[in-house]
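Following: one structure in structure tokens, then a few remarks.
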């Protein structure tokens, strides 16, 4: 594969990846597990969000709390395009292969346009990051995310507070994971290049980076633009999967969710972001089972505990009567952060963690 | 034309004049020492020469090019590289990546090339890899290329900083206390290395140092600062016997003690 020119080699990989995805798409449709495939699609969107935020926060070291804002820009703009322009056009074509092909092409156009507008928003937010560091920047980005949400809340054309409904259901497993794969590829290839090394240099030591000829200003803005572009793409795919958007979906809590994924996976680790996004998307769903597990436990306790410990059984029972999964989710997060404050993988990638372990053993 | 020239440079921080009327002209292939007691303003001068601070008065020229509106990375591109007094390596990156970032201005390409892995990317990366390894070999750090910079012993970190600065292919290299914290043997090695790289890369070196043995041993010209003012300059021999310098370092002559 090394001998092939770069464009051919990448195209071959891309076709192979697309073929794999098409297979899985039809597979998922065939097994008819709507609930499971929905979680899997949301996982893909969250992976895209986490990996893109990891470029900004993990690689370039700029702490951002505005990721939901970028996602919202991409989601609303692409939905606006399809709802008002693309969907009527496709409808006019009627059913058939031609309209099916147009629909997919226009989805990609809308999603990329949403990403481009989000990248522009990222450029605007990147500008103050030239002056601000750490917590100060976090507050500015947090404010930015809220501004976006309030703006959307006041634009009647895209639904304002009612929400934006009637978005065509054009996005699916294939497109979500196609862009998810591209996001991971972009992020990985950037960090292996001079651009990524400049990002890392800015994160490690700005003064030294400038002394080495790195234009820290320009690289910080670049990181923001790439990260917000990919977040906008994720937003566009989300809009066309959910078919409905509401400004409350993009509250700052959503930004925190993404930050938690990146921090939990390990700031600067791409595979860490992916793993954390998978775990944190599955966890709230997986924990629904706790509803069935806890009452029998409370029952068992009330039978077997001595009288002076009956309060514990009552406590467990009380816990089970409410929905305990978010409590368990939060406790798990706290435990994870206490035991691994640097995140699941630290700053390394999955395969580097194993290699490193071997090296450490050798030196000792 | 001097490679690096400072003309009547003064800097004030609020009411404090840290450096006043500093003049310096570095010619091709010179090795100059900048010495003076603690707080004399040596590192401040380095920070002005590399664009971290802007002088309140006076001008600095690199290769005849005025630097008043230059950011530190512009000055690096003009051919001035530096090391830091308190080592500023990229600690969480590998030794090799540290050196590659040092040569950033020479291995740059667009993000699109990076993502598409174009020929430009492969060529630039191959050059970066080769040059970085060659530099590491000179500093005997080649076998540690894959280690994190923070895991190197102190002396190696000092030498890695010099290697990283050299990766920018500078015409002028500024070394801020390269021997700080090194033992006598390491200092001797370092003296030899500084001398060698000056000839090998044909560069001009300006160094700040407290270790008189090192400064007197390798510098051809020495500038002495005290309280922001240049109190003497000349060859090591001249400076060593200059009564003003002796006073600055050792205090007033003996009669003041008797009084």
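Protein chains in written order, with the numbering used here: chain B, 14 to 377; chain V, 2 to 260. Yeah, the Cβ is synthetic: ideal placement off N, Cα and C, and Gly gets one too.
- Under the DSSP assignment, residue 234 of chain V falls in the beta strand (DSSP E) whose first and last residues are 230 to 235.
- Residue 93 of chain V has a beta carbon lying within less than 8 Å of a beta carbon in chain B.
- The beta carbon of residue 120 of chain V falls within 8 Å of a beta carbon belonging to chain B, placing the residue at that interface.
- Assigned with DSSP and collapsed to three states, residue 177 of chain V falls in strand.
- Counting other Cβ atoms within 10 Å of its Cβ, residue 335 of chain B stays below 16 and is therefore classed as exposed.
- The Cβ neighbour count for residue 65 of chain V, taken over all protein chains shown within 10 Å, is under 16; the residue is labelled exposed.
- Ranking B:279, B:245, B:88 and B:108 by CA distance to the CA of residue 357 of chain B puts B:279 first.
- With contacts defined as CB atoms closer than 8 Å, residue 257 of chain B and residue 180 of chain B qualify as a contacting pair.
- The C-beta of residue 26 of chain B has fewer than 16 other C-beta atoms within 10 Å across all chains shown, which makes the residue exposed.
- The C-beta separation of residue 207 of chain B from residue 105 of chain V comes to about 6 Å, placing the pair in contact by the 8 Å criterion.
- Measuring C-alpha to C-alpha distances from residue 34 of chain V to each of V:180, V:202, V:146 and V:138 identifies V:180 as the nearest.
- Excluding sequence positions up to five before and after residue 71 of chain V, its CB lies within less than 6 Å of the CB of 52, all in the same chain and listed in chain order.
- Following the DSSP letters along the chain, one finds residue 55 of chain V in no beta strand (DSSP E), marked with neither H nor E.
- Sequence-ordered contacts of the segment 99 to 119 of chain V with chain B read 101, 102, 103, 105, 106, 108, 109, 110, 112, 115, 116, 117, 118 and 119 [C-beta pairs closer than 7 Å].
- Excluding sequence positions up to five before and after residue 30 of chain V, its CB lies within less than 8 Å of the CB of 199, 203, 204 and 205, all in the same chain and listed in chain order.
- As computed with DSSP, residue 18 of chain V is found in a beta bridge with V:13.
- In the DSSP assignment, residue 149 of chain V forms a beta bridge with V:95.
- Using a Cβ-Cβ distance cut-off of 8 Å, the segment 43 to 52 of chain V and the segment 183 to 191 of chain B are not in contact, since fewer than three pairs of beta carbons, one from each stretch, lie closer than that value.
- Chain V has no Cβ within less than 8 Å of the Cβ of residue 362 of chain B.
- Our two residues, residue 163 of chain B and residue 169 of chain B, have alpha carbons roughly 12 Å apart in a direct line.
- Less than 8 Å divides the Cβ of residue 150 of chain V from the Cβ of residue 90 of chain V.
- In this structure, residue 77 of chain B places its C-beta atom within 8 Å of the C-beta atom of residue 69 of chain B.
- Judged by their CB atoms, residue 161 of chain B and residue 85 of chain B are nearer to each other than the 8 Å cut-off.
- An exposed status is given to residue 14 of chain V, since fewer than 16 other beta-carbon atoms sit within 10 Å of its beta-carbon.
- Note that the C-beta distance between residue 245 of chain B and residue 87 of chain B is below 8 Å.
- Boundaries of the alpha helix (DSSP H) harbouring residue 239 of chain B: 229 to 255, taken from the DSSP string.
- In the structure shown, the three-state DSSP call for residue 118 of chain V is coil.
- Under the three-state reduction of DSSP output, residue 159 of chain B falls in the helix class.
- Here the segment 43 to 50 of chain B does not lie against the segment 125 to 132 of chain B, with fewer than 3 beta-carbon pairs under 8 Å apart.
- Under the Cβ distance rule, residue 113 of chain B does not count among the residues neighbouring chain V, no pair being separated by less than 8 Å.
- Within chain B, the C-beta atoms nearer than 9 Å to that of residue 77 of chain V come from 223, 224, 225, 226 and 227, in chain order.
- Under the 8 Å criterion on CB atoms, residue 73 of chain V is classed as interfacial with respect to chain B.
- Between residue 268 of chain B and residue 109 of chain B the beta-carbon gap is near 42 Å, outside 8 Å, which marks them as no contact.
- Judged by beta-carbon spacing, residue 54 of chain V lies beyond the 8 Å limit of residue 88 of chain V, meaning their Cβ atoms are not closer than that value.
- Secondary structure of residue 221 of chain V (DSSP, three-state): coil.
- Proximity of residue 206 of chain B to chain V, defined by a Cβ-Cβ separation below 8 Å, is satisfied.
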